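Protein chains in written order, with my numbering: chain R, 1 to 308; chain G, 1001 to 1308. Even glycine gets a Cβ: it sits at the ideal position worked out from N, Cα and C. Quick caveat, the model's predicted, so the values are computed rather than measured. Structure first, commentary second.
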């Protein structure tokens, strides 16, 4: 008995298979199609080699507005178009029962049950990827509000801020996310072509992980860029603590790989700026146990529920 | 059998008594003390004439960070100081069982069970008073997160925005609230001393309700000021729909008395600016059935629970 898990983010479509959620192994990564209508076909094609008689179900997490009840991808800021019958089309193509949910919801499920949020009643997962997704698990269950709870990346935090992929200005994810870290990496590398970020990129377009690598080596410009991003991360977390007051915030997604160079300044800004600072206990901000694999683990959990 | 209900907002302390929550009647209004430590004494003094042998319990809603579990007022942006044993002190002074909760939590409870939110699974109450409070009721129960869920007035929405009572800049409640409407009323009246707002104020310091009265008469400056405020209201609601996606938003508090002149522009801004606009069904934004009495009705409900 095995399940297939898919995590379709703003940039990459990651897929894997395993006998248990925690044991899911990444089988491959392909680019997420730029057209929403092409996503079901890309998912089906990616997992086809993994399907055999022992696979009983499939879980698919997707960025954007995902309607868990219908399995539809309603809207994504990263892919053109919307209203795609993701679950139905993938089920038809693979012959498997398919559960579809928001990518951050599934990462939250994984971290709340088996990861860095285990033991807490209200777990907020902040997925720092191409954009920022959010998932809220209350007493072990994903809370979806009416349908789309957790579009935290599109809190507008500065009307004069940078343009977001969604077309508005100053969304949280336009201020800090994998995309903004990549932008900062390019800026630092252009400012110092012989510096640590440019060296880490080794001729490739500088990315957020090059910034992190340079910061770990002690590069001052990279450290400062991550601290700036961390301050915006902390300001958004302060808004979310004011609104939601979770027991714990678990930071996942590829950009969480920046580690303490990003999270240290974020925690400091959260503590200093949250409403009632000094009168409330600090909200723990921890790194996802399953790292950028959390969405896959959650997708496998959702697939297992479909089997039950 | 009767209960006593108290709603201690940022400006006014309203109290009443009734045989049932919906039947609670306002007995009086006194100013909220400027020192948090004076609040328990003010509450006890206010309700003393209402206490007799038929009163079985008391519910107290309070603005700020209120710890329902302990009955403590932890912090308020509107009163100096914090960490006041509100429940314990009022219970000692009155001899009654006392339940303490956030004022907006109690208003949310009332509206979700018996008011404009009835029949919806996830009800978000937005209390437009001196500041902005929030309460979230999920499946009939107040969701408090770790303790203080709903400090929505202190989402920072514009780092370059006006100074908030909490000491930061650009909090939602610094951009729109009873306080900002009063500021707008003064500005409009100063700009046109013979205009409708100044006439409505009739020599008193212009307030938000004078702005509303002038707008109802068709005054252009008052209408424009409420539309500006409504736009900020809508921007904040768009953030909250992105983060929480409630089934319904119920707008209460004294400033909700401005009605459609405020809420119309708020709804239009929400629809136009929410993440995924055009791909998601509009979130209903409705006025509290119990108006500015919602907090009292909820306090009476909480008192009844203490009796059970």
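Give me the chain G residues within the contact set of residue i, using Cβ-Cβ distance strictly less than 7 Å, ordered along the chain.
i: residue 123 of chain R; result: None at all; the shortest Cβ gap to chain G is about 11 Å.
i: residue 166 of chain R; result: 1275
i: residue 239 of chain R; result: 1155, 1156
Let me know the secondary structure DSSP gives residue i once reduced to three states.
i: residue 215 of chain R; result: helix
i: residue 1052 of chain G; result: coil
i: residue 285 of chain R; result: strand
i: residue 308 of chain R; result: In this prediction, residue 308 of chain R scores a pLDDT of 45, lower than 50, which makes its location untrustworthy; no coordinate-derived value is stated.
i: residue 242 of chain R; result: helix
i: residue 295 of chain R; result: helix
i: residue 1019 of chain G; result: coil
i: residue 1247 of chain G; result: coil
i: residue 1278 of chain G; result: coil
i: residue 263 of chain R; result: helix
i: residue 231 of chain R; result: helix
i: residue 64 of chain R; result: coil
i: residue 1220 of chain G; result: helix
i: residue 1031 of chain G; result: strand
i: residue 257 of chain R; result: helix
i: residue 391 of chain R; result: Here chain R has residues from 1 to 308 only, and residue 391 of chain R is not among them.
i: residue 1058 of chain G; result: strand
i: residue 9 of chain R; result: coil
i: residue 24 of chain R; result: coil
i: residue 1147 of chain G; result: coil
Chain R partners of residue i, CB-CB under 8 Å?
i: residue 1209 of chain G; result: What residue 1209 of chain G touches in chain R: nothing, since even the nearest Cβ is about 27 Å away.
i: residue 1147 of chain G; result: 245, 280
Residues of chain G with CB closer than 9 Å to the CB of residue i, please, in chain order.
i: residue 48 of chain R; result: Simply none; closest approach about 29 Å.
i: residue 235 of chain R; result: 1156, 1159
My understanding is that residue i touches residue j, with C-beta atoms under 8 Å, so please give their C-beta distance in whole angstroms.
i: residue 107 of chain R; j: residue 21 of chain R; result: Wrong, their Cβ atoms sit about 12 Å apart, outside the cutoff.
i: residue 284 of chain R; j: residue 271 of chain R; result: Not a contact, Cβ separation roughly 11 Å.
i: residue 176 of chain R; j: residue 1235 of chain G; result: That pair is no contact at about 20 Å.
i: residue 139 of chain R; j: residue 153 of chain R; result: Actually they do not touch by this definition, with Cβ atoms about 25 Å apart.
i: residue 1103 of chain G; j: residue 1038 of chain G; result: So it is not a contact: roughly 17 Å between Cβ atoms.
i: residue 1094 of chain G; j: residue 1051 of chain G; result: 6 Å
i: residue 1055 of chain G; j: residue 1003 of chain G; result: 7 Å
i: residue 7 of chain R; j: residue 295 of chain R; result: 4 Å
i: residue 85 of chain R; j: residue 72 of chain R; result: 6 Å
i: residue 181 of chain R; j: residue 230 of chain R; result: Actually they are not in contact, since the Cβ atoms of residue 181 of chain R and residue 230 of chain R sit about 10 Å apart, beyond 8 Å.
i: residue 1244 of chain G; j: residue 276 of chain R; result: Incorrect: roughly 20 Å between the Cβ atoms, too far for contact.
i: residue 252 of chain R; j: residue 69 of chain R; result: That belief does not hold up - the Cβ atoms of residue 252 of chain R and residue 69 of chain R are roughly 24 Å apart, past 8 Å.
i: residue 1205 of chain G; j: residue 1009 of chain G; result: Their Cβ separation, rounded to whole angstroms, is 19 Å, which puts residue 1205 of chain G and residue 1009 of chain G out of contact at 8 Å.
i: residue 16 of chain R; j: residue 26 of chain R; result: 5 Å
i: residue 247 of chain R; j: residue 1146 of chain G; result: 5 Å
i: residue 225 of chain R; j: residue 211 of chain R; result: 6 Å
i: residue 310 of chain R; j: residue 256 of chain R; result: With chain R covering only 1 through 308, there is no way to say anything about residue 310 of chain R.
What does residue i reach in chain R if we use C-beta pairs closer than 7 Å?
i: residue 1163 of chain G; result: Correct list: empty, because the minimum Cβ distance to chain R is about 14 Å.
i: residue 1105 of chain G; result: By Cβ distance, chain R contributes nothing, its closest Cβ being about 12 Å from residue 1105 of chain G, past 7 Å.
In chain G, which residues lie less than 8 Å from residue i when you measure between Cβ atoms?
i: residue 152 of chain R; result: 1242, 1243
Using a C-beta to C-beta distance shorter than 9 Å, which residues of chain R count as neighbours of residue i?
i: residue 1065 of chain G; result: 275, 276, 279, 280
i: residue 1074 of chain G; result: 276, 279, 280
Practice item. Can you check the segment 1158–1209 of chain G for any alpha helix (DSSP H) of at least 4 residues that lies completely inside it and give the ranges in chain order? Key: 1172–1175, 1178–1191, 1196–1201
Point to revise | Against chain G: residues of the segment 255–278 of chain R by CB proximity under 7 Å | key: 273, 275, 276
Practice item. For the segment 1081–1140 of chain G, list the beta strand (DSSP E) runs that are entirely contained and at least 3 residues long, ordered along the chain. Key: 1082–1084, 1098–1102, 1122–1128, 1132–1138
Check your understanding: In the segment 82–100 of chain R, which residues sit with their C-beta less than 9 Å from some C-beta in chain G, listed in chain order?
Key -> 82, 83
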